[in-house]
Amino acid sequence: MSFLLPHLDEFAWGVAFTAGLVALGWIGAMILGTVLAIMRVSPIRTVRVAAAAYILVFRNIPIPVQMVLFVFGFPLLGIVFPLFPSAVIVLIAYHAAFVCETLRSGLNTVAVGELEASRSLGFGPFGTMRHLVLPQAFAAVVQPMGNVLILLVKNTSVAAIVGVAELTFTADKVAIEEVRAFVVLGGAAIAYVVICIVLKRLVSLLERRVAFSK
Amino acid sequence: MKSMKRSGVFASLAVAAVLALGINECAVGAEHTSSAVKAYPAGTTMAKIQQRGKLIVGVKVDFPLFGLKNPVTGKLEGMDIQLAQGIAKDLTGSASNVQFVEVNSGNREVFLQQHKVDIVIATYPPNPKREKAVDFAGPYLMSPIGTMVNKGNSSIKKVSDLNGKNICVTKGSGSETYVPLNAPKAKLTVFSTMTQCMEALEQRRVDGVTTTQSILLGQMSQNPGKFKLVPTELLNKSGKKASDNDSIGLPKGDKALHDYLDSYLKKIFANGEWKKIYDSTLGTVMPGNAVPPPILY
C-alpha cells in the first residue's frame with residue numbers, strides 16, 4: 001500500500017471536495033426543494049404548473065447528462081461558470097426535485113382540519129405553512145429525506161466527469177498513474193460507504209429527536 | 215395457437231443456427247485455403263490467435279487519425295486500426311479477422327492482465343509504472359509534445375508561457391506530469407477525454423491543450439481553421455525532450471508474442487507498409503517526411 005503514500009494529500013483534497021459538494025449541494029437542494037414543494041401545493045394554478053414542470057425536467061434527465069449539458073452546453077449561450085460551482089449548481093438542481101417530492105408526501109400528512117383550525121386562529125397562508133405545516137411535514141419525512149441525502153453523496157461522483165477533483169476523480173487519476181485500479185477504486189468505495197454510514201447515523205439521531213414533536 | 219407460435223419461433227431459431235453454422239464453416243474453409251501464413255509452435259499466443267481465427271485488439275475510438283469511429287460508415291479508422299488489421303493479416307491471412315474492443319486510458323492494463331484482448335494498440339506510450347503491469351513492443355510512432363491554442367491567441371509561444379495559463383490535459387496522460395514539471399505555475403484542468411479538452415478550449419474555459427503533437431494534429435484535422443499548434447517542447451525528468459512513444463501493449467511476460475510483434479514492426483518498417491499506413495493517416499496533417507522510429511522495447 002506504500003504506493004498510496006505520495007498521493008495522501010491528493011486524497012485528502014478529494015475527500016474535502018466531495019464534502020464541499022455534499023454540504024453546498026444539500027443546503028441548496030433543501031432550500032430550493034422546500035420552495036418547490038410549497039409551490040406544488042399552492043392555490044395558484046400557474047405556480048403549481050411551474051413547479052411541476054421543473055420537476056418533470058430535472059427529475060427525468062440523468063445527472064451525468066445534466067452535468068455535461070451545463071458545463072459544455074451552456075457556454076454556447078454565453079453562460080460560463082467555473083467547474084466547481086457548475087457541479088454544485090447541477091447537484092442542487094437535480095436533488096431539489098427529489099427533496100420537493102419527498103417533502104410533498106410529508107405535506108400531505110397534515111390533516112385538513114388542522115389547516116382550518118389554523119386559519120380560524122388567524123394565521124395567514126404563510127404563517128400556517130411556517131408554524132404548522134412545514135414542521136410536521138419535515139418531521140414525517142426524516143428517513144426518506146435521509147435517502148435523498150445519500151443519493152446526493154453518491155451523485156457527487158458525477159462531478160468527476162467534468163474535471164472536479166473530488167474523491168472519484170482523484171481515485172481514478174491515481175489508479176491510472178499507479179496502474180492499480182482495484183486497490184485505489186476499492187479504497188474510494190470504502191470511503192463513500194463510510195461517509196454514507198455516518199450520515200445515515202446522524203439522520204437516525206435526528207429522527208429520534210423529532211419523534212417527540214409528534 | 216400459442217404452441218404453434220412457439221414452434222414457429224423454434225423453427226426460425228433452428229434455421230438461423232444452421233445458417234450461422236454454415237457461415238462459420240465457410241469462414242474456416244476460406245482460412246485454410248487463404249495465402250500461406252507462418253505456423254507458430256503450439257501453445258504460443260500466435261498459435262492461439264490462428265486457432266481462434268481472429269485477433270482481439272484493444273483500441274480507442276475517439277482519437278482522430280489513430281482510432282476513430284467514422285460516424286457515417288460506423289467503421290473504425292486510423293493508424294492504430296490499420297496496424298491491427300496488418301497484424302491480423304500476417305497471422306490469419308485476412309485483414310478482416312480482427313475484433314476491436316474499445317478501451318480507454320484507465321483500463322488498458324486491466325484488459326491485458328485479464329486476457330480480454332490479445333494486444334492493445336491505443337496511443338499507448340510506456341512509463342515505468344505501466345511497464346510493471348504489462349509489456350510493450352515497438353514503438354511504432356514517436357511524437358513530441360505540443361500545445362494547441364485558439365487561432366487568434368498569441369500569448370503562448372514557448373514552454374515558459376504556459377505559466378499562469380489554464381492548460382487542459384487528459385487524465386493519465388504524460389502531459390499531466392510534464393506540464394507542472396516544465397511550467398510550475400500553469401493551472402491544470404484535467405478532463406477524462408480529449409473531446410472535452412477540445413470543447414473547453416473552444417469555449418475559452420482553458421487557454422491551451424497540451425498533449426502529443428500527433429494527437430493534437432488529429433484533433434485539428436477535425437476542426438480545420440479553429441486552432442493552431444504551438445511547438446512547446448516539454449522536457450522530461452532527466453532534462454531530455456519529452457516524447458510519447460506510442461507502442462503496442464501486450465500481457466506481461468509473453469516473450470514470444472513480444473518478439474513476434476517487434477519482428478512484425480521491423481518488417482513493415484522495412485518493406486514500406488508502415489510508410490503507407492502513416493501517409494494515409496498522420497501523414498495527411500504532419501509536415502515533413504516521416505521515418506519509422508527505432509525499436510526501443
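Chains as they are written, first to last, in the working numbering: chain W, 1 to 214; chain G, 215 to 511.
Where is the CB? At the ideal position from N, CA and C, for every residue including glycine.
State the DSSP-derived secondary structure class of Glu291 (chain G), mapped to helix, strand or coil. strand
Chain-order list of residues whose beta-carbon lies under 6 Å from that of Ile333 (chain G) (same chain, five-residue window excluded): Val271, Ile462 and Leu464
Among G:Val331, G:Arg322, G:Asp294 and G:Thr361, the one whose alpha carbon lies nearest that of Lys343 (chain G): G:Arg322
Members of the region 144-173 of chain W that neighbour chain G once the beta carbon cut-off is set at 9 Å: Ala160, Ile161, Val162, Gly163, Ala165, Phe169, Asp172 and Lys173
Span separating the alpha-carbon of Gly366 (chain G) from that of Leu402 (chain G): 21 Å
Rounded Cβ spacing between Asn380 (chain G) and Asp421 (chain G) (contact assumed at less than 8 Å): 5 Å
Whole-Å CB distance - Glu101 (chain W) paired with Val142 (chain W), under 8 Å assumed: About 15 Å; that fails the 8 Å criterion.
Quick one: what does DSSP say Asn321 (chain G) is sitting in, helix, strand or coil? coil
If you compare alpha carbons, which of W:Leu83, W:Ala19, W:Thr109 and W:Ile27 is closest to Cys382 (chain G)? W:Leu83
Note down, in chain order, each residue of its chain lying with its Cβ closer than 7 Å to the Cβ of Leu449 (chain G), except the 5 sequence neighbours on either side. Asn396, Lys455 and Ala456
Can you tell me which of the three DSSP states Ser457 (chain G) falls into? strand
With a threshold of 16 other CB atoms inside 10 Å of the CB of Val232 (chain G), please say whether the residue is buried or exposed. Confidence is the limiting factor: at Val232 (chain G) the pLDDT is only 49, short of 50, which leaves the residue's position unreliable and the question unanswerable from this model.
What span of residues does the beta strand (DSSP E) with Gln313 (chain G) cover, start to end? Val312 to Glu316
Taking only the alpha-carbon atoms, compute the straight-line gap between Val312 (chain G) and Ile295 (chain G) and give it to the nearest angstrom. 10 Å
I believe Ala470 (chain G) touches Thr287 (chain G) by the beta-carbon criterion, under 8 Å. Please report the beta-carbon distance rounded to the nearest angstrom. Between Thr287 (chain G) and Ala470 (chain G) the Cβ distance is about 36 Å, and since that is not below 8 Å, they are no contact.
Do Arg59 (chain W) and Arg104 (chain W) have their CB atoms nearer than 8 Å? no
Looking at the structure shown, is Val275 (chain G) part of a helix, part of a strand, or coil, going by DSSP? coil
Alpha carbon to alpha carbon, how far is Met67 (chain W) from Ile92 (chain W)? Give it in angstroms, no decimals. 11 Å
Alpha-carbon to alpha-carbon, Ser374 (chain G) and Lys262 (chain G): 51 Å
Hey, out of G:Thr337, G:Lys451 and G:Glu413, whose CA is closest to Val273 (chain G)'s CA? G:Thr337
8 Å is my cut-off, CB to CB: does Val404 (chain G) come that close to chain W? yes
Given a cut-off of 8 Å on the beta-carbon distance, is the pair Val444 (chain G) and Val363 (chain G) in contact? yes
Which whole runs of the alpha helix (DSSP H) in the region 365-416 of chain G are 4 residues long or more, in chain order? 389-396 and 408-416
Assuming Leu496 (chain G) and Leu279 (chain G) form a contact by the criterion Cβ under 8 Å, report the distance between their Cβ atoms to the nearest whole angstrom. 5 Å
Would you kindly work out how many angstroms separate the C-alpha atoms of Lys277 (chain G) and Thr424 (chain G), rounded to a whole number? Strictly speaking, residue 277 (chain G) in this sequence is Phe, with Lys absent from that position. If you take the alpha carbons of Phe277 (chain G) and Thr424 (chain G), they lie about 15 Å apart.
Decide if Ile79 (chain W) is buried, meaning its Cβ has at least 16 other Cβ atoms within 10 Å, or exposed. exposed
Using CA coordinates, which residue listed in W:Val164, W:Ala159, W:Leu152 and W:Leu107 is at the minimum distance from Phe138 (chain W)? W:Leu107
Chain W residues whose Cβ lies nearer than 9 Å to that of Val505 (chain G): Here the premise fails: no neighbours, minimum Cβ distance about 31 Å.
Should Thr168 (chain W) go down as buried or exposed, given a rule of 16 or more other Cβ atoms within 10 Å for buried? buried
In angstroms with no decimal places, state the Cα-to-Cα distance between Glu239 (chain G) and Ile301 (chain G). With a pLDDT of only 43 at Glu239 (chain G), under 50, the local geometry of the prediction cannot be trusted, and the value read off the model is given with reservation. C-alpha separation (whole angstroms): 23 Å.
Rounding to the nearest angstrom, what Cα-Cα distance links Val35 (chain W) and Val99 (chain W) in this structure? 10 Å
As assigned by DSSP and simplified to three states, the class of Val331 (chain G): coil
Listing by chain order, which chain W residues have their CB less than 9 Å from the CB of Ser319 (chain G)? Ile176
Runs of alpha helix (DSSP H) lying entirely within the region 412-442 of chain G, each at least 4 residues, in chain order: 427-436
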